[in-house]
Amino acid sequence: MENRCAIEMKGITKCFGQVVANDSIDLSINRGEILALLGENGSGKTTLMNMLSGIYQPDDGRILKDGEEIYIHSPREAYGFGIGMIHQHYKLIEVFTAAQNVILGLNDGRMDLKAANEKVRSICQRYGFEINPEEKVYDMSVSQKQTVEIVKVLYRGAEILILDEPTAVLTPQETKKLFAVLENMKKDGKAIVIITHKLNEVMEVSDKVAVLRKGKYIGTVNTAETSPQALTDMMVGRAVTLNIDRPKYDNPKKKLVIENLTCLDEEGVKKLDSVSFTAYTGEILGVAGISGSGQKELLEAIAGLYPIKEGSIRLVGNDGSEKEIVGLTPKKIRQTGIGMAFVPEDRLGMGLVGSMGMTGNMLLRSWKKGKGILVRKKEPSELAEKVLEELEVVTPDINFPVRRLSGGNVQKVLVGREIASEPEVLMTAYAVRGLDINTSYTIYNLLTEEKMRGAAVLYVGEDLDVLLELADRIVVLCGGQVAGTVDARTATKEEIGLMMTQFNTKEGE
Amino acid sequence: MAAEKTPLIRLAKRTEMKRSSMWMIRVGSILVALLLGCLPMILTATNPFSAYGVIIQGSLSRPVYLKQTIRTAIPLLGCALAIAPCFKMKFWNIGAEGQITMGAVAATYFALFWHDRIPHVPLLLIMAFTAAIAGGLWALIPAFFKARFNTNETLFTLMMNYIAIGIVAWLQGGPWEGRKGSQLIPMFSDSARLPTVFGVNCGWIIALVLVVLMYIYMNKTKQGYEIAVIGDSVNTARYAGMNVGWIIMRTMFISGAISGIVGFIIVSGANFTLYSGVADGVGFTSITVAWLSQLNSFAMIVISMILAVLEKGSNTLQTRMSVPASIADIITGILLFCMLSCEFFINYKLIFRHKENKEEGV
Amino acid sequence: MMSTIIALIVAAVTFGTVLMYGTLGEILTEKSGNLNLGVEGIMYMGGAFGLAGAFYYEKAAGAAASGPAAIIIAILAAFAAGMAASAIYSFLTITLRANQNVTGLALSIFGTGIGQFVGEFMRVSEGGYVALSNNLKEAFSATIFPKVFVNIPVIGNILFSHTVFFYLAIVVAVLMYLFLKKTKWGMYLTAVGESPSTSDAAGINIVKYKYLATIIGGGISAIGGMVYIMTTAGCVWNHEGLSGVGWLAVALVIFCMWRPLNAIWGSVLFGAMMIMYLRVAIPFIPTELYKILPYIVTVIVLVLTSMKNSRDKQPPASLGNNYFREER
C-alpha cells in the first residue's frame, strides 16, 4: 500500500492576495490509479495541481514523493520528479511543429529533430494517437493539440500525469479515445490525475475521487463505492436539487429574431453557420453547447462586436416593428431605442475597466449621457451605491479598482450595471462561472426577475442542470450550427448532451 | 532545515498599499537617482556636491538664471501635457519632436510672410492656431494608420520626427533662407514675437492654462473617460460603444496640436527664428516628465522644473567645471530608471526565506 | 556610370554595416520577446566607448600600437558598453517587470547622454581634439583582402574592398541564423519569445534566455555605433551622424521579418538610401529632402508590413510583454 503512493501533499495552502485558493489540503496520488480531482469552478483544483507542476509554490505545507519531502520550484524540476501536467490552455508554441514542441526544454544534448520525429511517431503508434510530428501546431485541431501535449509528457517519461479539464473541448469520440489511453497508461503503472467538474466522466474513468470545495479538501472516496448524488453533496456541501424558481410569463412576444446568421473568424473559419432562432419577452432562452461551439461569437455578433458575414438580426419593438441591426455599431444599436445589455464572458477584459472603481464602471453605460463635454458622475455613483447595497458587493469603497475585487464581486458589479439599464434584451455568457453557490443563486434570481419584468434573456451556460432548471427553452449549438431547440421543462440532459455533439463527427476532421 | 530549498526571494503581487508609502517610495527613488548620478561625476574626478551645487546655483540663484530655467521648463511642461493623453491610452507617441517642429513651421510661415499685413495680436493668434493645426495633422498621420492597420506607432511617430526635421533643414537652406548661403531663416519681426510677462515670454501662462485644461480634460470630460477606458482595455471600449479608431485619431490630433502650440511658443517666444533643431530633444525629455509625474498634470509642473534645473544647471556646470552638459541626460535617464524600478516595489512584494522561517518558528 | 554605381554600392555597404550590427543585435533581443527601444542609446555608447578604447590603447602603447589590436579592443569596448546598457534594460524589464516601451526610451536618453558625455569628456580632457594616428585610422578602414582581389574589375570593389567589420557582420548574421534555426538553444530562445509561459512550463529557464539574448544583442548593436565612429566618421566623435541610426535599426528588424539573413541585404539597402544623396543626384530634389528618403521608406515599410497578415512573418508573439509566472 505504501509503495503505491507516488505523491503526498500535506497541509498545502496557497493564497492570492486576500483570496485563499487552497486551504491546508491533504491529498495522495497513487500509482496505477486514476484519481479524479472534483470540484466546482473556482474550488482550487487547478491551483493545487499547479503546485505539483511547479507553476506555483505553496505558501505553506509539504509535498512528499515516495515518502521524501520535495520542493518543486519550476516545471523543469517537476519533470525531474516525473510529474507532467497537461494544462487546460495548451502550452504549445504555435509556430513550431509537433515534434519541436515535444522536445522543447529537454536537456539531452544536441537537437536531433529526425530522432525526435521518429520517437514521437513510435509513441503515437503505441497509444493510437494520430498526429504528424512535422505538422505545425497552428494547423492543428484542438484535440490534436491536446494529443501533442500528452505525447510531450509521455516523451519525458512522466510517471505522474495531471490533466486539467481534458475533455472540455473534445467530442465524445475523442473523449472515449482519451479515456482508453488513460486506461493503458494506468496499466503501465502511471499515476493519473484528471481535474474535472463533470460527474459522468468521474464515474466512468476514475478509481478514486478527491473532492475540493471552496479551496478546502473534503475527502477522497473510491469511485466504485460512491454515486453521483453523494459526490454532488460533497462538492456543493449540501444536497442540491437546484430548486431554481421558474415562474411562467403570461404574454410572450417576439423580441429578437435571428435568421441564417453566419460569421467567419479572422482566418476565414466559420464560427457561426446559418444560425436561426427567436427569443421572446418573458423568457430565459438557454444556449447550450460544448465550449467553443460559437456561443461567444453569437452574443458578440448580436452586440455588434463581431463581424457578420451574412444573415439577419432583428430587434422587435413594443409596437411590433422590426429593426435590422446587422452592420450597426454598438452605439448605433443603442440608438435604436431597444435596450440591450450584455454580460460578456471576459469580465475584466471586455465588460469592465479593471483599473477603475465601481463608479467608473457604472459610467461605462452612461458616459455619453447628458449634454456638454463633461461626464456626470453623480448618477453612476448613486448607481454604484445601489448595486453595492442590493447585490452585497464586498469592496473597501466604490472607487476601489474592480480588478482587485474577487471574482464573485466583479461579476456582481457587471451584472448589477447591466440589469440597472432595464434592458429589453439581456445576454449573459457564463454568468456564474467561478462564483460560489450563493452568488450563483443571486444571479439566477436576478435573471428570473428580469424575465418576469418582460426582458428577453439569453443565457449561455455550461452546466446543463442549471440550464434545465433556469431556462424556459434551450437552443443547442454544435460546431457553430443550431442542433435544435428544446423546451427546458420537458427536455432531459441526455437529449441535450446528444444534440451538443451531433455534428462533431464532421468537424473533427 | 527543509526551508533551505525554497528560493531566497519569492514574489507576490501586492493587493493594496497606502498612498503615503507609495509616494515615499517614489520620492525615495528620486533620491537614489540623484545619488547614482554622482557616479559619472566621481569617475571624471568631479566633486558631486559642488557639481550639484553649481547646477542649483546656475539655474536658480539669480533672476536671470531663473528666467532662463523657466524658459526651458515651458516647452517641457507643454509637451508633457501633450503626451499625457496618448500615454494614458497606451499609444506610445514619441513623435512630439516632429509635431513641435511642424507647429513651428506653420507659425514661422505667418511670422515671415504675413507680419507686415496683420497686426500684432491677430498675427500671434493665427500663428498659434495654424501651429496647432499643423502639429495635429502631423500626429494624425501615424494615428490614422494605427487605427486602420494597427501599424506600430512607436517607430512611425519617430520616423515622422526625422521627416519633419528634414523639411525644416530644407526650408532653412532653400525657400526660406534669409541671406543667400547663410543657411539661416531671418529673425522674426517684433510683431511676431510673444510678449513677456514678468520677464519671461508669456508662454508660461499658456502652459499653466493648459495644465488646468488638461487636468479637467483627463479627469472630468467624456473624452478623457474614453481615453482612460481604451488605455485599460480596447475590448471594453468597443463593448461600451466607443469608436476606438476615431478616438485614437482624435486624441493624437489633440496631442499633436498641443505640441504644435509648444513649437509656436519656442519660435515666437524664445528663438525668434526657425532652424532644424528647433525641438532640441524636448519631445523626448517631456516623455520623462509625463512618466515621472504619473501623467498627473499638476505634478508635471514640478517635474518639468526639476528637469529644467538639471538642463540649465548642467550648461553652467560645463562652462565652470568642464563637465559635459550631457550629464543632464544621464541623470534624467537614471531618474527614469529609478522611477520605473520603484513601481515594482509598489506592485509586488518580496517574500524572503529567512523571514518565513521566523514566522514558522513563532 | 559604372563607377558611380560601384562607388554607391561600396558606400552603401559601409553605412549598411553600421545598421547591420544594430539590426542583428535587436533581432536577437526581440527573439526573446524583449522590445528594446534603447538601441539608439546603446549605439551611442558603443561608439563612444569603442573610440575611447582604441584611443587610450594607442595612448598607452604609443608607436607600438598595432591595428588589429586596436580593432579588437574597440570591438570589445563597444561590446562591453552595449552589454552594460542592455543589462540595465534587462534588469528593469525582466526582473522588475517595468514597461518595455518606457524603459527602452529611458535607455535611449541615458545612452545618448553617456555617449555624449564620454565623447565630450575625452575631447575636453585631451585638450580639444581626439584622434587616432593615421596608421590606426587606416587599419580601421582597410580591407582584409589583398590588393589582388580588390583590383579585380567591378566585383573586386563590390566584394572585397570592405572593412573587416562588414565581413564580421556577415559572419554574425550567418551564425545567428544557424543558431536560431539549427540549434536547440536557438529553438528554445524562439519558444521563449513566442510564449514564455509555455517555455516555462517546458522547463526552460526563460529568465536566463531573456537576459542572455538581450545582453548579447545589446553588445552586438553597440558594435554598430563603434563601426560608425571608426569608419564613416573617421575616428572622431560625431554624435550628429549617429543620431537616428539606432531607431532605423529597430525599424529594420521589422523590415527583415526577424530573420538575420534578411538583415544583410536589408541593411545594405537602407545604407544605400542613407548615402544616396551624396552619390546619385536627382534633379529638382533638394539634398535635405533627399536625406529623409530612408525615413519615408521606413514608414511605408511599417505600413505595408502591418497591412499583410502572414502566419510565418509575425513578430515573436510575446514581444513587448513581460512575464510573471504567478499572474492570474
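Residue numbers (numbering that gives the first Met the number 0), protein chains in the order written: chain Y, 0 to 508; chain R, 0 to 361; chain A, 0 to 327.
Think of the CB as a built atom: it goes at the ideal place given N, C-alpha and C, for glycine as much as any other residue.
Being a predicted model, the structure only gives us computed values, none of them experimental.
Output needed for residue 31/Y: all residues of its chain with C-beta closer than 7 Å, excluding positions within five of it in sequence on either side, in chain order. Within the same chain, residue 31/Y has close Cβ partners 3, 185, 188.
For residue 278/Y, write down the residues that DSSP places opposite it in a beta bridge. 255/Y
Quick one: what does DSSP say residue 258/R is sitting in, helix, strand or coil? helix
Tell whether a beta-carbon distance below 7 Å holds between residue 244/R and residue 146/R. yes
Helix or strand or just coil, what does DSSP make of residue 44/Y? helix
Looking only at its chain, what residues have a beta carbon closer than 8 Å to the beta carbon of residue 12/Y, apart from the 5 residues adjacent to it on each side? 19, 21, 22, 23, 24, 57, 58, 59, 60
Could you compute how far the alpha carbon of residue 93/Y sits from the alpha carbon of residue 268/Y? 17 Å
Taking DSSP as the reference, what is the three-state secondary structure of residue 128/R? helix
Would DSSP call residue 396/Y helix, strand or coil? Here DSSP, grouped into helix, strand and coil, assigns residue 396/Y to coil.
State yes or no: is the beta carbon of residue 208/R nearer than 7 Å to at least one beta carbon in chain Y? no
According to DSSP, is residue 390/Y helix, strand or coil? coil
Roughly how many angstroms lie between the CA atoms of residue 141/A and residue 160/A, to the nearest whole one? 8 Å
Figure out for me which residue from 201/Y, 394/Y, 144/Y, 150/Y has the closest Cα to the Cα of residue 117/Y. 150/Y
Sort out for me which residues DSSP pairs residue 425/Y with in a bridge. 340/Y, 456/Y
DSSP three-state call for residue 120/R: helix, strand or coil? helix
For residue 136/A, write down the residues that DSSP places opposite it in a beta bridge. Partner(s): none; residue 136/A has no beta bridge.
Mind checking residue 17/R: buried by the 16 CB within 10 Å criterion, or exposed? Looking at its Cβ environment, which holds fewer than 16 other Cβ atoms inside 10 Å, residue 17/R is exposed.
Go ahead and pull the three-state DSSP assignment for residue 81/R. helix
Would the beta-carbon of residue 206/Y fall within 7 Å of that of residue 6/Y? no
Can you give the beta carbon distance from residue 298/R to residue 213/R, rounded, assuming they're within the 8 Å contact cut? Contact check for residue 298/R and residue 213/R: beta-carbon distance about 12 Å, past the 8 Å limit, so the pair fails to qualify.
Taking residue 165/R as the query, report the chain A residues whose CB atoms sit under 8 Å from its CB, ordered along the chain. 287, 288, 290, 291, 294
Cβ neighbour criterion (16 or more within 10 Å) applied to residue 314/A: buried
For chain Y, check one thing: does any of its Cβ atoms lie closer than 7 Å to the Cβ of residue 69/A? no
Would you mind working out which of 81/A, 320/A, 223/A sits nearest residue 22/A, comparing C-alpha positions? Among 81/A, 320/A, 223/A, the Cα nearest to that of residue 22/A is on 223/A.
Using only the alpha-carbon positions, how far apart do residue 199/R and residue 5/A sit? 56 Å
Please check if any C-beta of chain R sits within less than 7 Å of the C-beta of residue 346/Y. The beta carbon of residue 346/Y does not come within 7 Å of any beta carbon belonging to chain R, so the residue lies off that interface.
Listed from N- to C-terminal order along the chain, which residues in the stretch 117 to 150 of chain R have their beta-carbon within a distance smaller than 7 Å of any beta-carbon of chain A? 144, 148, 149, 150
With a 10 Å radius around its C-beta and 16 neighbouring C-beta atoms as the bar for buried, classify residue 122/Y as buried or exposed. Answer is buried; the Cβ neighbour count reaches 16.
Within chain Y, the residues that residue 221/R reaches when beta carbons sit closer than 8 Å: Chain Y residues near residue 221/R: 366, 367, 372, 373, 374.
Sequence ranges, beta strand (DSSP E) only - wholly within the stretch 322 to 354 of chain R, length at least 3: Correct list: 347 to 351.
Per-residue burial, residue 45/A [other beta carbons within 10 Å of its own, 16 or more giving buried]: buried
Give the DSSP-derived three-state secondary structure of residue 263/Y in the structure shown. strand
Limits of the beta strand (DSSP E) - the one that residue 59/Y falls within: 59 to 64 is the extent of the beta strand (DSSP E) around residue 59/Y.
Beta-carbon gap between residue 510/Y and residue 211/Y smaller than 7 Å: Any answer about residue 510/Y is impossible in this case: the structure gives chain Y only from 0 up to 508.
Spatial neighbours of residue 73/R within its chain, please: CB distance less than 7 Å, with the 5 preceding and 5 following residues excluded, ordered by chain position. 202, 203, 206, 264
For residue 113/A, which residues in chain R fall below 7 Å Cβ to Cβ? 329
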